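Undergrad: Let me begin by handing over the structure; questions about it come next.
There are 2 protein chains.
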Amino acid sequence: MGDTTDDSEHIDGRRARGERRRAEIIEATLAVVTRDGAAGVTHRTVAKQAGTTTSLSTYYFATLDDLLVAALTSVADAYTARIRDIIDSPGDKLTGLAHLIAESGGPGRERALAERELATLAARRPALRPVARRWRENIAELATTLTDDPAAIAALVAASDGLCTAILLDNAPADPDHIQAVLRRAVR
Amino acid sequence: MGDTTDDSEHIDGRRARGERRRAEIIEATLAVVTRDGAAGVTHRTVAKQAGTTTSLSTYYFATLDDLLVAALTSVADAYTARIRDIIDSPGDKLTGLAHLIAESGGPGRERALAERELATLAARRPALRPVARRWRENIAELATTLTDDPAAIAALVAASDGLCTAILLDNAPADPDHIQAVLRRAVR
DNA sequence: ATCATGTTTGAACGTTAGTACAATTAGTAC
DNA sequence: GTACTAATTGTACTAACGTTCAAACATGAT
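Right, here's the structure in full:
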């Protein structure tokens, strides 16, 4: 997380510090979403979480919307990277996906919850829609390595999403084998 | 609040009026959720939408949470009734379900959006969780008329949920035939 | 008519929100 | 050093929030 680009020829130190602050504020935003939900995100709560002042939050993110967009983008990027890892790894892809989904029931629950909350937000704000769609597109990309049937691809995406919902709603540890069975049924 | 503490048979007209008001406020709440999202729900916005005063909203729903619970329950009840109709009707059940889901992309989009928003809210408030779960349980009930395989039932529920997400996110009219194909793949 | 009870209102309380802005600090270039 | 710019702070304003409350109203029961 903390890599500093000090090896570069001539970097404006102020800019580097600014971008670090920016990242800190985004991280604080996600922490707030995780703890209190998207409704709990205000410049004040985020600033307090980040250990700075309210005005600094507005300095980097002029409006609350900017802040939420940045936060959603960040969390979506992280999740996307996980899926990409599964696609690129040599093992069975459905097994990997099943374990990733199962994380929503364990320690990754709050992260998954945050993403879901922000995705719901996206349904109403067109600016956030492409970001929210990326998760689905990546699952679809994974599916194309398994089948060519468009219906099967759609089925896998839908099943992944629905399974995630079920896990979050049940609030119980999920069984990767069961998840995998449902997924496998979709692409079969 | 007075419940059915009165054992006598006479009808109190005031009670009927009160329950009508209550229903109006719930309807207004759903209208607000539809227009501005769950974040836009305040006693003031709801009251204005219902054409009454702020205090009347708090009179019927002491806290904002009560209001949201009532609204979510109401919309879940309506959707549940639709699924029950499909279960009880003689025609092909997956065709009926597919058309119901497809409505999320047409005129029923805002209604579906409201339900989804409230369901997301449920993930963080345990009080709302049972209500949110009912939708899934009814789909499962429909599935039991088609198969005994638990994995197939879970697959149908997950697929229905995921398809709904896709439709809402794509914001395009949905093709019932395509939906049906995905659903049929789940229970096959 | 009188009473009791449910309904409705308007105003007010204290709190917190978004936002703006002048002032201050800190780093960079000259 | 001075000048410039980005980063940061403290403060203040307005608007809206949830909630409370005493009073007024409406209506069915007696």
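Protein chains in written order, with numbering that gives the first Met the number 0: chain X, 0 to 187; chain F, 0 to 187.
Yeah, the Cβ is synthetic: ideal placement off N, Cα and C, and Gly gets one too.
Keep in mind it's a predicted model, so treat the numbers as computed, not measured.
Measuring straight from C-alpha to C-alpha, what distance separates T79 (chain F) and R133 (chain F)?
TA: Within the second sequence, the letter at position 80 stands for residue 79 (chain F). Within the second sequence, the letter at position 134 stands for residue 133 (chain F). Going from the Cα of T79 (chain F) to the Cα of R133 (chain F) covers about 8 Å.
Undergrad: Find the residues of chain X that neighbour V130 (chain F), judging by a C-beta separation of less than 8 Å, and give them in chain order.
TA: By 1-based counting over the second sequence, the position of residue 130 (chain F) is 131. Ordered by position in chain X, no residue passes the 8 Å Cβ test against V130 (chain F), which lies about 11 Å from the chain.
Undergrad: Can you tell me whether T146 (chain F) is helix, strand or coil according to DSSP?
TA: If you number the second sequence from 1, residue 146 (chain F) lands on position 147. Three-state result, T146 (chain F): coil.
Undergrad: With H, G and I counted as helix, E and B as strand and the rest as coil, what does DSSP make of S88 (chain F)?
TA: What you label residue 88 (chain F) is simply residue 89 of the second sequence in a count that begins at 1. Here S88 (chain F) sits in coil by DSSP.
Undergrad: Please check the pair V156 (chain F) and A165 (chain X), which I expect to be a contact at CB under 8 Å, by giving their CB distance rounded to whole angstroms.
TA: Numbered from 1 along the second sequence, position 157 holds the residue referred to as residue 156 (chain F). Numbered from 1 along the first sequence, position 166 holds the residue referred to as residue 165 (chain X). 7 Å between Cβ atoms; contact.
Undergrad: CA-CA distance, S54 (chain F) and I86 (chain X)?
TA: Your numbering for residue 54 (chain F) matches position 55 in the second sequence. Your numbering for residue 86 (chain X) matches position 87 in the first sequence. So the alpha carbons of these two residues sit roughly 56 Å apart.
Undergrad: With a 10 Å radius around its C-beta and 16 neighbouring C-beta atoms as the bar for buried, classify G104 (chain X) as buried or exposed.
TA: As a working note, residue 104 (chain X) is residue 105 in the first sequence. Classification for G104 (chain X): buried.
Undergrad: Residues of chain F with CB closer than 7 Å to the CB of G104 (chain X), please, in chain order.
TA: Along the first sequence, read from residue 1 onward, the residue named residue 104 (chain X) stands at position 105. Ordered by position in chain F, no residue passes the 7 Å Cβ test against G104 (chain X), which lies about 12 Å from the chain.
Undergrad: Taking L127 (chain F) as the reference, which of F:I25, F:I24, F:D64, F:T41 has the closest Cα?
TA: Counted from its first residue, the second sequence places residue 127 (chain F) at position 128. With distances taken between Cα atoms, L127 (chain F) lies closest to F:D64.
Undergrad: In this structure, does DSSP put D174 (chain X) in helix, strand or coil?
TA: If you number the first sequence from 1, residue 174 (chain X) lands on position 175. D174 (chain X): coil per DSSP, three-state reduction.
Undergrad: Classify P125 (chain X) as helix, strand or coil using the three-state DSSP reduction.
TA: Translated into positions along the first sequence, residue 125 (chain X) becomes position 126. Here P125 (chain X) sits in helix by DSSP.
Undergrad: Distance check for L96 (chain F) and T146 (chain F), CA to CA, integer angstroms please.
TA: Position 147 of the second sequence, counting from 1, holds the residue named residue 146 (chain F). Position 97 of the second sequence, counting from 1, holds the residue named residue 96 (chain F). About 15 Å.
Undergrad: Identify, in the order they occur along the chain, each residue of the same chain with its Cβ nearer than 8 Å to the Cβ of H35 (chain X), setting aside the five sequence neighbours on each side.
TA: For the purposes of this step, residue 35 (chain X) is taken as the residue at position 36 of the first sequence. The question names His, but residue 35 (chain X) in the sequence shown is Asp. The residues are T44.
Undergrad: Would you list, in chain order, the members of the stretch 150-165 of chain X that have their beta-carbon closer than 8 Å to a beta-carbon of chain F?
TA: Going along the stretch 150-165 of chain X in chain order, one finds A150, A151, A153, A154, V156, A157, A158, S159, D160, G161, L162, T164, A165 with a Cβ nearer than 8 Å to chain F.
Undergrad: Taking C-alpha atoms, which residue in F:A180, F:A38, F:T119 lies nearest to D148 (chain X)?
TA: Numbered from its first residue, the first sequence carries residue 148 (chain X) at position 149. Answer by Cα proximity: F:A180.
Undergrad: Roughly how many angstroms separate the alpha carbons of E23 (chain X) and G39 (chain X), rounded to a whole number?
TA: For the purposes of this step, residue 23 (chain X) is taken as residue 24 along the first sequence, with counting starting at 1. For the purposes of this step, residue 39 (chain X) is taken as residue 40 along the first sequence, with counting starting at 1. So the two alpha carbons sit approximately 18 Å from each other.
Undergrad: Give the interface partners of A126 (chain X) over in chain F, defined as CB-CB distance under 8 Å, in chain order.
TA: Position 127 of the first sequence, counted from the first residue, corresponds to residue 126 (chain X). Within chain F, no residue comes near A126 (chain X); the closest Cβ sits about 13 Å away, beyond 8 Å.
Undergrad: Using CA atoms only, rank isn't needed, just tell me which of X:F60, X:L141, X:P129 is closest to L168 (chain F).
TA: Working through the second sequence from its first residue, we reach residue 168 (chain F) at position 169. Nearest option by C-alpha distance: X:P129.
Undergrad: Please identify, using Cβ separations under 7 Å, the residues of the stretch 96-121 of chain X that lie next to chain F, in order along the chain.
TA: Here the close residues are L112, R115, E116, T119.
Undergrad: Between the alpha carbons of A151 (chain X) and S73 (chain F), how many angstroms are there, rounded?
TA: For this step, residue 151 (chain X) is matched to residue 152 along the first sequence. For this step, residue 73 (chain F) is matched to residue 74 along the second sequence. Rounded to the nearest angstrom, the two C-alpha atoms are 35 Å apart.
Undergrad: Does DSSP put T28 (chain X) in a helix, in a strand, or in coil?
TA: What you label residue 28 (chain X) is simply residue 29 of the first sequence in a count that begins at 1. Helix at T28 (chain X).
Undergrad: Counting only C-beta atoms, is A38 (chain X) closer than 7 Å to chain F at any point?
TA: Start at 1 with the first residue of the first sequence, and residue 38 (chain X) comes out as number 39. True, the Cβ-Cβ gap to chain F drops below 7 Å.
Undergrad: At a CB-CB cut-off below 8 Å, which residues of chain X make contact with A75 (chain F)?
TA: In the second sequence, the residue the question calls residue 75 (chain F) occupies position 76. Those within 8 Å of A75 (chain F) in chain X number zero; the least Cβ separation is about 13 Å.
Undergrad: Hey, does A139 (chain X) have any beta-carbon neighbour from chain F nearer than 7 Å?
TA: In the first sequence, counting from the first residue as 1, residue 139 (chain X) sits at position 140. For A139 (chain X), the answer is no, since every Cβ of chain F falls outside 7 Å of its Cβ.
Undergrad: For A157 (chain X), which of helix, strand or coil comes out of DSSP?
TA: As a first step, residue 157 (chain X) must be located in the first sequence, where it is residue number 158. Reduced to three states, the DSSP call for A157 (chain X) is helix.
Undergrad: Report yes if the CB atom of A61 (chain F) is closer than 7 Å to the CB atom of L29 (chain F), and no otherwise.
TA: The residue given as residue 61 (chain F) occupies position 62 in the second sequence. The residue given as residue 29 (chain F) occupies position 30 in the second sequence. No, Cβ-Cβ distance for A61 (chain F) and L29 (chain F) is not below 7 Å.
Undergrad: Do you know offhand how far L120 (chain X)'s Cα is from L67 (chain X)'s?
TA: Along the first sequence, one-based indexing puts residue 120 (chain X) at 121. Along the first sequence, one-based indexing puts residue 67 (chain X) at 68. Approximately 9 Å between the Cα atoms of the pair.
Undergrad: Rank X:P175, X:A15, X:A118, X:S56 by C-alpha distance to the C-alpha of I25 (chain X) and give the top, closest one.
TA: Residue 25 (chain X) sits at position 26 when you count from the first residue of the first sequence. The shortest C-alpha separation from I25 (chain X) is found at X:S56.
Undergrad: By alpha-carbon positions, which one of F:A113, F:I138, F:A49, F:L112 ends up nearest to L93 (chain F)?
TA: One-based indexing of the second sequence puts residue 93 (chain F) at position 94. Nearest of F:A113, F:I138, F:A49, F:L112 to L93 (chain F), Cα basis: F:I138.
Undergrad: Could you compute how far the alpha carbon of D160 (chain F) sits from the alpha carbon of V31 (chain F)?
TA: Position 161 of the second sequence, counted from the start, is the residue given in the question as residue 160 (chain F). Position 32 of the second sequence, counted from the start, is the residue given in the question as residue 31 (chain F). C-alpha separation (whole angstroms): 24 Å.
Undergrad: Report the three-state DSSP secondary structure of A180 (chain X) (helix, strand or coil).
TA: Residue 180 (chain X) sits at position 181 when you count from the first residue of the first sequence. It is helical.
Undergrad: Between L93 (chain F) and chain X, is there a C-beta pair that is closer than 7 Å?
TA: In the second sequence, the residue the question calls residue 93 (chain F) occupies position 94. Chain X, which has no Cβ nearer than 7 Å to the Cβ of L93 (chain F), makes this no.
Undergrad: With a threshold of 8 Å on Cβ separation, who are the neighbours of R20 (chain F) within its own chain once the five nearest residues in sequence on each side are excluded?
TA: Position 21 of the second sequence, counted from the first residue, corresponds to residue 20 (chain F). T51, L55, Y59, listed in sequence order.
Undergrad: For P175 (chain X), I'd like the list of residues in its chain whose CB is within less than 7 Å of its CB, leaving aside the five on either flank, ordered along the chain.
TA: As a working mapping, residue 175 (chain X) is identified with position 176 in the first sequence. Excluding positions up to five away in sequence, the list reads A97, H98, A101.
Undergrad: By the criterion of Cβ-Cβ separation under 8 Å, what are the contact partners of A180 (chain X) in chain F?
TA: Position 181 of the first sequence holds residue 180 (chain X). Those within 8 Å of A180 (chain X) in chain F are A150.
Undergrad: Taking 7 Å as the cut-off, decide whether the C-beta atoms of L158 (chain F) and L182 (chain F) are in contact.
TA: Counting from one through the second sequence, the residue named residue 158 (chain F) turns up at place 159. Counting from one through the second sequence, the residue named residue 182 (chain F) turns up at place 183. Reading off the sequence shown, one finds Ala at residue 158 (chain F), where the question assumed Leu. Against a cut-off of 7 Å, the Cβ pair of L182 (chain F) and A158 (chain F) comes out as a contact.
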